[in-house]
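Number of protein chains: 2
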Amino acid sequence: MKPITTLALAALLAAAPAAAQDASRFRAPADSLIRAATRDSAAWNRMAELVDRFGPRFSGTPELERAIDWIVEEMKRDGLENVHTEPVMVPRWVRGQESATLLSPRAAELHMLGLGGSVGTPGVEAEVLVVESFAELTRRAAEARGKIVLFDVPFTTYGETVQYRTRGAVEAARVGAVASLVRSVGPFGMQTPHTGSTRYNDSLPRIPAAALSMEDAMMLRRMQARGERVRVRLRMGAQTLADVPSRNIVAEIRGRERPEEVVVVGGHIDSWDVSPGAMDDAGGCVAAWEAVRLMKTLGLRPRRTVRVVLWTNEENGLRGANAYRDAHRGEIPNHVLAIESDAGVFAPRGFSITATDPAFEAVRAIGQLLAPIGADSVGRGGGGADIGPIMALGVPGMGLEVDRTRYFWYHHTTADTPDKLDPRDVARSVAAMAVMSYVAAEMPDRIPFGQPATP
Amino acid sequence: MKPITTLALAALLAAAPAAAQDASRFRAPADSLIRAATRDSAAWNRMAELVDRFGPRFSGTPELERAIDWIVEEMKRDGLENVHTEPVMVPRWVRGQESATLLSPRAAELHMLGLGGSVGTPGVEAEVLVVESFAELTRRAAEARGKIVLFDVPFTTYGETVQYRTRGAVEAARVGAVASLVRSVGPFGMQTPHTGSTRYNDSLPRIPAAALSMEDAMMLRRMQARGERVRVRLRMGAQTLADVPSRNIVAEIRGRERPEEVVVVGGHIDSWDVSPGAMDDAGGCVAAWEAVRLMKTLGLRPRRTVRVVLWTNEENGLRGANAYRDAHRGEIPNHVLAIESDAGVFAPRGFSITATDPAFEAVRAIGQLLAPIGADSVGRGGGGADIGPIMALGVPGMGLEVDRTRYFWYHHTTADTPDKLDPRDVARSVAAMAVMSYVAAEMPDRIPFGQPATP
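For the protein sequence lines, the chains are Y and P, in the order given. 1 is the number of the first residue of the first sequence in full-length UniProt numbering; add one for each residue after it. 1 is the number of the first residue of the second sequence in full-length UniProt numbering; add one for each residue after it.
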């Protein structure tokens, strides 16, 4: 973040009181939405039912399409308007049977998950070279040829550590390795491997790539440190098949005065093949959906349209995000604000927004209405993967910010289940999404369009 | 705990200063032991090496016997005295292939582990009845016939909740169920099933018994609550084979004046078949072993013998504990004190002892020497499974008490790995075991033999 100049600070202080006054006019509907959201566990129950009914909702699977059908029917039953789906072609990666077997210094099945997009292998057996950074791999490049490289990298931040998952196979192939393993990206595990996407580089061999549980990665490193020769056999039935059709879900409460102006709220409906995806991102989908359902229930029809968008294929392609941008290109200038919830629906703290200063001020003022539930913090720099493509065209975009303490414990694992979310937190996340989207759609002056020039 | 009477309190206050004065004479050797234990990560490294080298050390497996051989060699290399093993016949339960498949309302593989001692089944397929207590099963007994009963019981205390694991199969069989499932016994999980022993009753059919992950158990309960028909197929290749030989490990530092009087320190060397058993109980074994190694290294030969005993088969039979009692029956009256570490070697808090009041006072005085590492709390009522048989014959017995916050997260799971333990906590646990056993063996008056009559 750049330091705030004196001039910008003065502008900011001048703008704030006026915007705050504006927003305070909406205290009554805001309080109604908060009360309605926090009255019961409806949102948690809906999230749990979605997760339990369909299980993992991976792009290209019938389970995802059945979940989409069910949501569409439920939304219609809720009385949402203009409920429909929009076609998206999505990638189809199939995991197949897979295993990582420790052969030496002793025999054991390791806890592993192939990385999304990886090529398969009928079986590659080699000595393992454990490194703790790309820099160490560069230093030991001469030792890596013909080996399986394991990046045993302790979690710092997701942005930093995930590099080893996305780029590991490329960097390992560059030094002649036959496969790439990575310590699961997260701060804590219980022999829980985390999957996620890997990338390839067209100028280098595509080598198979998988994640090990944190525990197993640390064990292999200790074995190497004791001078033991570590050998592993990796088998992966992974295949990339032809693209298949999926859909984004769209539903609205139409604006009473300026229906063509749109506030988008949403999350992504797909999850990884192994993950029930309760927090990532059934909870985010339900937070957006319930926000609009509550407006409907309370008879709060805002000046502008609030549109729920549940994107498909966030996890391994972002095809839904791109398809939404393409299908709605003509109305992009009418997108007042886009709000994504994809950080889990733990205790909400507020929002963070990427937009111009006036847009930030407007949103900050709305945020103050969320003080009763402790979600009134509005920061800069947020957004979301699914709203990224329309933000790139100028739409102010922001993300729901929540307590992230445990998000990366469960991210992309089998343990991303409903019990990890507290019904009270989910309810308050709904309230935050509802108040923010309702007031942004209701207040007389629209939030200014446009994004600041990239520095 | 019973309220302290005025009389007892007066006696206690009178006794304390004298005992404390006695123990304070041993401050110098105690401080040396603490310094030596906390100087490096030797204990953690040894625990990790034991775990990494052999993996799970289940009774009846070659891995357990190889681990025993290795420990014996290492103990000899450390210069411990009278290092030997003592024969024990142990049960041999083999898990085999196993699965629990959800068939309805949707297909999914559940996260399961068969319970130790369970019979197998080539495949039993039935509707599931989810209950949350034995009382609910009794109320719904008529519904249970021919079904698979799932005890979905939230964790309260281990002692209370583990009843559903040990007695579930009996209670389910009593009402005509064909199999018994139990929510894994623990306060938190990441799709991590916990194994452990189940029991049968000779007058009832022996039905297969398994644990589900907490998440899966809760999901089945939600499905039932939604009125869905839950069907599961359980397959278990479990078999109980003939007993096989194993061994307890014994090693000593012989007493310089009264070698026939013995302070026992120990833990159990076996673990469940799926569990690396780092905290349960490689850490406890190493804490006892390192305690004696440090005395040797520092030239601290106490008045009495300190004997390390690493018991075999704690997890599914207690055969090692009983064999030790039987092999040493003649010298039981010479057992001054028995100390077990089997609660994980997390941050040590002190000890808890089951003994007469004078023995308690003596130990409480020694405990004060552990104030520098925060392990000076001495309570009543402790012991350990492996020292239970000799305590029943009058030996004062106690357990190392540690921060148990996460013990039952990992207990009997694949996630009981070295990384869960902090080297500094392991080092301080060694220090606590070393100071307590050294001073108990060194102080002029022996701790009085005998156990209070059971109230």
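Here a beta-carbon is modelled for each residue, glycine too, at the ideal position from N, C-alpha and C.
Q | Option nearest ASN334 (chain P) by Cα separation, candidates P:ALA415, P:ALA359, P:VAL395 | A | P:VAL395
Q) Using 8 Å as the limit for Cβ to Cβ distance, is GLN368 (chain Y) near chain P? A) no
Q: Work out the CA separation of MET279 (chain P) and GLY344 (chain Y) for me, nearest whole Å.
A: A straight-line Cα-Cα distance of about 32 Å links GLY344 (chain Y) and MET279 (chain P).
**Q.** 7 Å CB neighbourhood of ASP273 (chain Y) in its chain, flanking five on each side removed
**A.** PRO56, PHE58, ARG95
Q: May I have the straight-line CA-CA distance separating VAL402 (chain P) from GLU136 (chain Y), to the nearest angstrom?
A: Approximately 38 Å between the Cα atoms of the pair.
**Q.** the region 392-420 of chain Y: positions lying closer than 8 Å to chain P by Cβ
**A.** TRP409, TYR410, THR413, THR414, ALA415, THR417, PRO418, ASP419
(Q) Against chain P, with Cβ distances strictly below 8 Å, would LEU9 (chain Y) count as a contact? (A) Unreliable placement is indicated for LEU9 (chain Y), whose pLDDT of 44 sits below 50; the coordinate value is still reported in the next sentence. The C-beta of LEU9 (chain Y) comes no closer than 8 Å to any C-beta of chain P.
Q: Just mark LEU7 (chain P) as buried or exposed, buried being the case when its beta carbon has 16 or more other beta carbons within 10 Å.
A: Note that LEU7 (chain P) scores a pLDDT of 44, beneath 50, so its modelled location is shaky; the value from the coordinates is reported in the next line. Label assigned to LEU7 (chain P): exposed.
Q: Apply the 10 Å Cβ neighbour rule to GLU314 (chain P) and answer buried if 16 or more other Cβ atoms are within range, or exposed otherwise.
A: Counting Cβ neighbours within 10 Å, GLU314 (chain P) comes out buried, since at least 16 surround it.
Q: Since I believe SER275 (chain Y) is in contact with HIS111 (chain Y) (beta carbons under 8 Å), could you give me their beta-carbon distance rounded to a whole number of angstroms?
A: No, HIS111 (chain Y) and SER275 (chain Y) are not in contact; Cβ-Cβ is about 15 Å, not under 8 Å.
Q. Hey, which unbroken runs of the beta strand (DSSP E) at 3 residues or more fall wholly within the region 70-95 of chain P?
A. 81-94
**Q.** Proximity test, Cβ basis, 8 Å: ALA108 (chain P) and chain Y
**A.** Using a CB distance cut-off of 8 Å, ALA108 (chain P) counts as an interface residue toward chain Y.
**Q.** Span separating the alpha-carbon of ALA355 (chain Y) from that of SER180 (chain Y)
**A.** 39 Å
Q: Select from the region 207-225 of chain Y all residues with a C-beta closer than 8 Å to any C-beta belonging to chain P, and list them in chain order.
A: MET214, GLU215, MET218, MET219, ARG222, MET223
(Q) Tell me which residue opens and which closes the beta strand (DSSP E) that ILE253 (chain Y) is part of. (A) 239-253
Q) Using 8 Å as the threshold, is the region 187-198 of chain P in touch with the region 410-420 of chain P, meaning 3 or more CB pairs across them? A) The region 187-198 of chain P makes contact with the region 410-420 of chain P: 3 or more CB pairs, one atom from each, lie closer than 8 Å.
Q) Quick one: is GLY344 (chain P) near chain Y, going by C-beta distance under 8 Å? A) no
Q: From the DSSP output, read off the bridge partner residues of GLY397 (chain P).
A: Under DSSP, GLY397 (chain P) takes part in a beta bridge, and its partners are P:ALA338, P:THR354.
Q | Amino acids of chain Y, ordered along the chain, whose beta-carbon sits closer than 9 Å to that of GLN191 (chain P) | A | MET190, THR192, THR413, THR414, ALA415, THR417
Q) If you draw a straight line from the C-alpha of GLU98 (chain Y) to the C-alpha of ALA173 (chain Y), how long is it? A) If I take the Cα positions, the gap works out to 20 Å.
Q. Under the rule that 16 or more other beta-carbon atoms within 10 Å means buried, what is ARG133 (chain Y), buried or exposed?
A. The amino acid occupying residue 133 (chain Y) in the given sequence is Ser; Arg does not appear at that position. Counting Cβ neighbours within 10 Å, SER133 (chain Y) comes out exposed, since fewer than 16 surround it.
Q) What residue from Y:VAL308, Y:ASP243, Y:PRO452 has the CA that sits closest to residue 465 (chain Y)'s CA? A) The structure shown does not extend to residue 465 (chain Y), since chain Y is modelled only from 1 to 455, so the question has no answer here.
Q: Compare the beta carbon distance of residue 460 (chain Y) and ILE34 (chain Y) with 8 Å and say whether it is the shorter of the two.
A: A query on residue 460 (chain Y) cannot be resolved here, the shown segment of chain Y reaching from 1 to 455 and no further.
Q.
Please list, in chain order, the chain P residues whose beta carbon lies closer than 8 Å to that of ARG53 (chain Y).
A. Around ARG53 (chain Y), the beta-carbon contacts reaching into chain P at under 8 Å are PRO105, ARG106.
Q: Measure from the alpha carbon of LEU300 (chain Y) to the alpha carbon of each residue in Y:ALA28, Y:GLY267, Y:ASP52, Y:THR38, then state which is nearest.
A: The shortest C-alpha separation from LEU300 (chain Y) is found at Y:ALA28.
**Q.** chain P contact residues for ALA48 (chain Y), given Cβ-Cβ distances below 7 Å
**A.** ARG222
Q) Under a Cβ-count criterion, where at least 16 other Cβ atoms within 10 Å of its own Cβ denotes burial, should GLU160 (chain P) be classed as buried or exposed? A) exposed
(Q) Since GLY116 (chain P) and ASN316 (chain P) should fall inside the 8 Å C-beta cutoff, what is the C-beta to C-beta distance between them, to a whole number of angstroms? (A) 5 Å
Q) By how many angstroms is the C-alpha of PHE54 (chain Y) removed from the C-alpha of GLU63 (chain Y)? A) 6 Å
Q. How is THR38 (chain Y) classed by DSSP in three states: helix, strand or coil?
A. helix
**Q.** Beta-bridge partners of MET112 (chain Y), as assigned by DSSP
**A.** Y:LEU212
Q) In terms of alpha-carbon separation, which member of Y:ALA441, Y:MET433, Y:ARG446 lies closest to GLY37 (chain Y)? A) Here residue 37 (chain Y) is Ala; the residue named in the question, Gly, does not match the sequence. Minimum Cα distance to ALA37 (chain Y) is reached at Y:MET433.
Q.
For ARG39 (chain P), tell me which candidate among P:GLY350, P:LEU294, P:ILE353, P:THR312 has the shortest Cα-Cα distance.
A. For ARG39 (chain P), the closest C-alpha among the options P:GLY350, P:LEU294, P:ILE353, P:THR312 is that of P:LEU294.
Q) Under the rule that 16 or more other beta-carbon atoms within 10 Å means buried, what is ASN248 (chain Y), buried or exposed? A) buried
Q) Does any residue of chain P bring its CB to less than 8 Å from the CB of GLN451 (chain Y)? A) no
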